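Working notes for the structure below.
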Amino acid sequence: MPTLYAPGAAKATQGPERRLLGIRRRRCHMPWMEDWPTGRIEQASPLVRRLLAPNPSPFTYSGTQTYIVGQGEVAVIDPGPDLDEHVAAIAAALKDERVNAIVCTHTHRDHSPASRPLQALTGAPIIGCAPLSLEDDGPRADAAFDPDYRPDRILEGGDILSGEGWTLEAVATPGHTSNHLCLALREEQALFTGDHVMGWSTTVVSPPDGDMAAYMDSLSRLLGRDDFVYYPAHGPAIDKPQRLVRGLIGHRKQREGQILRHLRKGEGEIPAMVAQMYKGIDPRLHPAAGRSVLAHLIALETRGMVIEEDGQWRIAA
Ligand SMILES: [Zn+2]
Numbered sequence: 007m008p009t010l011y012a013p014g015a016a017k018a019t020q021g022p023e024r025r026l027l028g029i030r031r032r033r034c035h036m037p038w039m040e041d042w043p044t045g046r047i048e049q050a051s052p053l054v055r056r057l058l059a060p061n062p063s064p065f066t067y068s069g070t071q072t073y074i075v076g077q078g079e080v081a082v083i084d085p086g087p088d089l090d091e092h093v094a095a096i097a098a099a100l101k102d103e104r105v106n107a108i109v110c111t112h113t114h115r116d117h118s119p120a121s122r123p124l125q126a127l128t129g130a131p132i133i134g135c136a137p138l139s140l141e142d143d144g145p146r147a148d149a150a151f152d153p154d155y156r157p158d159r160i161l162e163g164g165d166i167l168s169g170e171g172w173t174l175e176a177v178a179t180p181g182h183t184s185n186h187l188c189l190a191l192r193e194e195q196a197l198f199t200g201d202h203v204m205g206w207s208t209t210v211v212s213p214p215d216g217d218m219a220a221y222m223d224s225l226s227r228l229l230g231r232d233d234f235v236y237y238p239a240h241g242p243a244i245d246k247p248q249r250l251v252r253g254l255i256g257h258r259k260q261r262e263g264q265i266l267r268h269l270r271k272g273e274g275e276i277p278a279m280v281a282q283m284y285k286g287i288d289p290r291l292h293p294a295a296g297r298s299v300l301a302h303l304i305a306l307e308t309r310g311m312v313i314e315e316d317g318q319w320r321i322a323a
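First residue of the sequence shown: 7, per this note's numbering; consecutive thereafter.
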């Protein structure tokens with residue numbers, strides 16, 4: 007579940023909905039990145055190709071984008087959902103190229119499951135984020151995760167993957183999920199952002215695995231970088247990305263302020279807060295919005311600012 011915005015619903019309420027979510031449609035200066043068909047490989051830059059999976063939904067926008075980095079010797083980033091059509095399209099795009107690594111940013115089911123059929127086809131190692139165990143009934147259990155993900159190598163922040171003409175560096179970005187990684191392509195000052203930063207929507211941060219404090223820290227980490235362009239897993243490429251990241255940080259701080267104002271008025275139930283805070287969005291997205299509100303409340307609780315009793319949140323005395 008990466009996102010909190012339904013493109014279908016947005017057709018009727020595009021402007022207000024985007025404003026309520028704190029995101030304005032960014033003018034993309036790369037017209038070839040705006041619209042594209044499923045299953046057709048597109049050259050985004052000299053070293054980057056992308057392929058859209060046929061899995062559009064209210065939570066995936068037009069679908070998951072798989073990126074191929076390099077020429078001849080390549081890495082495949084976010085192979086996507088395990089759909090025969092998509093795996094066949096990746097294989098067709100690769101032709102006789104050598105796959106050095108199948109890289110996963112995180113293990114939501116729209117990102118990592120195709121790593122296995124792609125490994126069966128290419129023999130390439132699966133390298134990337136850490137797995138999340140569903141046997142663990144603690145804070146990491148989440149139905150949207152891919153429990154069968156088995157990486158051959160786990161990347162930590164700063165770890166390097168390389169091939170002929172390209173170097174990818176892992177950037178640890180927990181928050182959307184605890185195991186989320188971005189990948190920086192040094193030769194093009196590009197960052198593959200997975201679901202951490204997207205241009206079309208804010209990211210859902212859903213406890214217990216999603217962590218708002220970690221997410222904010224991971225946004226700040228990106229501000230310290232000099233990336234020229236972001237390639238998200240959903241939606242168009244983002245140029246001038248630091249401006250968007252500053253906007254996202256401001257948006258989350260605004261949400262936190264809204265929550266505190268509700269609590270000061272004695273309004274401490276999440277559904278009631280969501281109804282006020284997300285007026286105008288498709289009600290089908292309210293549960294996802296509620297997860298992000300809960301993530302804010304948990305972050306405030308950790309800072310000793312709020313407490314919860316029987317589902318009622320209030321300002322700490
Ligand atoms: Zn995700």
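Cβ coordinates follow ideal geometry from the N, Cα and C atoms, glycine included.
Quantities reported herein were computed from a predicted structural model and do not represent experimental measurements.
What's the gap between the Cα of residue i and the Cα of residue j?
{"i": "Ala97", "j": "Asp90", "result": "10 Å"}
{"i": "Ala74", "j": "Leu167", "result": "Residue 74 is actually Ile in this sequence, not Ala. About 14 Å."}
{"i": "Leu100", "j": "Pro180", "result": "30 Å"}
{"i": "Leu53", "j": "Ile287", "result": "38 Å"}
{"i": "Tyr237", "j": "Gly205", "result": "9 Å"}
{"i": "Pro43", "j": "Leu57", "result": "9 Å"}
{"i": "Ser51", "j": "Gly274", "result": "49 Å"}
{"i": "Val105", "j": "Ser63", "result": "29 Å"}
{"i": "His240", "j": "Leu189", "result": "15 Å"}
{"i": "Gly253", "j": "Asp102", "result": "42 Å"}
{"i": "Glu48", "j": "Ala95", "result": "12 Å"}
{"i": "Thr72", "j": "Ile83", "result": "6 Å"}
{"i": "Arg270", "j": "Ala178", "result": "35 Å"}
{"i": "Val211", "j": "Thr128", "result": "34 Å"}
{"i": "Asp316", "j": "Thr209", "result": "27 Å"}
{"i": "Asp88", "j": "Pro123", "result": "7 Å"}
{"i": "Gln264", "j": "Thr66", "result": "27 Å"}
{"i": "Leu161", "j": "Ala176", "result": "7 Å"}
{"i": "Ala196", "j": "Arg55", "result": "13 Å"}
{"i": "Gln260", "j": "Ser207", "result": "16 Å"}
{"i": "Thr183", "j": "Asp215", "result": "6 Å"}
{"i": "Glu194", "j": "Leu291", "result": "36 Å"}
{"i": "Trp319", "j": "Gly171", "result": "53 Å"}
{"i": "Arg46", "j": "Ala220", "result": "36 Å"}
{"i": "Pro289", "j": "Ser118", "result": "29 Å"}
{"i": "Asn185", "j": "Gln282", "result": "32 Å"}
{"i": "Ala81", "j": "Arg249", "result": "28 Å"}
{"i": "Leu187", "j": "Phe198", "result": "9 Å"}
Less than 7 Å separating the beta-carbons of residue i and residue j?
{"i": "His92", "j": "Ala59", "result": "yes"}
{"i": "Pro137", "j": "Tyr155", "result": "yes"}
{"i": "Ala120", "j": "Gly86", "result": "yes"}
{"i": "Ala243", "j": "Val235", "result": "yes"}
{"i": "Pro213", "j": "Ile304", "result": "yes"}
{"i": "Pro157", "j": "Gly134", "result": "yes"}
{"i": "Glu79", "j": "Gly200", "result": "no"}
{"i": "Ala301", "j": "Met222", "result": "no"}
{"i": "Thr173", "j": "Arg192", "result": "yes"}
{"i": "Val312", "j": "Ile276", "result": "no"}
{"i": "Val280", "j": "Ala295", "result": "yes"}
Going by other Cβ atoms of all chains shown within 10 Å of its Cβ, with 16 needed for buried, is residue i buried or exposed?
{"i": "Ala322", "result": "exposed"}
{"i": "Thr308", "result": "exposed"}
{"i": "Asp232", "result": "exposed"}
{"i": "Ala278", "result": "exposed"}
{"i": "Ser226", "result": "exposed"}
{"i": "Pro247", "result": "buried"}
{"i": "Met164", "result": "Before going further, note that residue 164 is Gly rather than Met in the sequence given. Exposed, since its Cβ has fewer than 16 Cβ neighbours within 10 Å."}
{"i": "His35", "result": "Note that His35 scores a pLDDT of 40, beneath 50, so its modelled location is shaky; the value from the coordinates is reported in the next line. Exposed, by the Cβ-count rule."}
{"i": "Arg267", "result": "exposed"}
{"i": "Arg258", "result": "buried"}
{"i": "Gly69", "result": "buried"}
{"i": "Gly256", "result": "exposed"}
{"i": "Arg115", "result": "buried"}
{"i": "Gly310", "result": "exposed"}
{"i": "Gly398", "result": "Residue 398 lies beyond the range of the chain shown here (7 to 323); nothing can be said about it."}
Check the C-beta distance from residue i over to residue j and give it rounded, since I have them as a contact under 8 Å.
{"i": "Val203", "j": "Leu229", "result": "Actually they do not touch by this definition, with Cβ atoms about 11 Å apart."}
{"i": "Thr113", "j": "Phe151", "result": "5 Å"}
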